[in-house]
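Under our numbering, the first residue of the sequence shown carries the number 1, and numbering increases by one thereafter. Beta carbons are placed, not taken as given, at the ideal position from N, Cα and C, and that holds for glycine. The structure displayed is predicted, hence computed values, not measured ones. Take a look at the structure below.
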Amino acid sequence: MSLINLIIMIYEEYLECARKHLKSCRQLLEGLKENADNKEACLDIWYLSGYIIEGFTVYSAYKINGWNPNSKDGVKDIKLKYDKPFSYKTHLDFHYCRVYKGKPVFPSGLIKYFVQGHDYQSIIEGLLIKEPIFKDVPILGSGAIDNDVKILVDNWKPDIRYWYKEEQMKENNIPILTLDLLKQLIETCNDIYKKMIFV
């Protein structure tokens, strides 16, 4: 069995991971100097911010929709376990196509949103943004958000960690990663984190 199969993915831990990444981003921002070459550090902050938002998204989607895998062994690993009523209601699962004993668990096309692909934007649009609890929350709901911050959030994907050339940013209409913009992004993440206690 590979090490990756041993990693347990409990949805409540996504919020704790988001908190840790948020703390790391704050520390990175504190260490950056104005008028210095901070490109790699700025890219790292944007990269980590996606995992912060993904953490909020996964935690919220599973929590507010009552994920509960009637697990006899007590394990609540979203990677290994599933909750059919939850997935039929939300169209969300960890995997795009979960297989058990060589057969798909869900009918083809049922799962529209899945954690495995890191596409938190679809989960937000499909499941969270319409929830009244998020009406004043930026990103997850309809709370106010700076336009450039929104562009960063909407265009985040795991492979941005390889975007070291400005041409790649320009080709994707990404604003320049200034310290001020990244501070706004991380402050927006912090605002969401403060509201997570109400979820």
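Worksheet item: Can the beta-carbon of L28 be found less than 8 Å from the beta-carbon of I45?
Response: yes
Discussion item. Rounding to the nearest angstrom, what Cα-Cα distance links F56 and L182 in this structure?
Written reply: 18 Å
Fill in: Candidates L127, K194 and V75: closest to Y11 by CA position
V75
Fill in: Integer-rounded CB distance, given that Y96 should sit under 8 Å from I111
6 Å
Worksheet item: Would the beta-carbon of I197 fall within 8 Å of that of I133?
Response: no
Worksheet item: Between V58 and V115, what straight-line distance do the alpha-carbon atoms span, to the nearest angstrom?
Response: 7 Å
Practice prompt. Compare the beta carbon distance of K195 and V137 with 8 Å and say whether it is the shorter of the two.
Written response: yes
Discussion item. Which same chain residues end up closer than 7 Å to I123 when comparing Cβ atoms and leaving out the 5 residues on each side of it in sequence?
Written reply: T57, A61, L92 and Y113
Discussion item. Whether or not the stretch 31-47 and the stretch 142-150 are in contact is what I'm after, with contact meaning three or more pairs of Cβ atoms, one per stretch, closer than 8 Å; do they touch?
Written reply: no
Worksheet item: According to DSSP, is L3 helix, strand or coil?
Response: The predicted model places L3 with a pLDDT of 47, which falls under 50 and marks its position as unreliable; any figure quoted below should be read in that light. The answer is helix: DSSP assigns L3 an H, G or I state.
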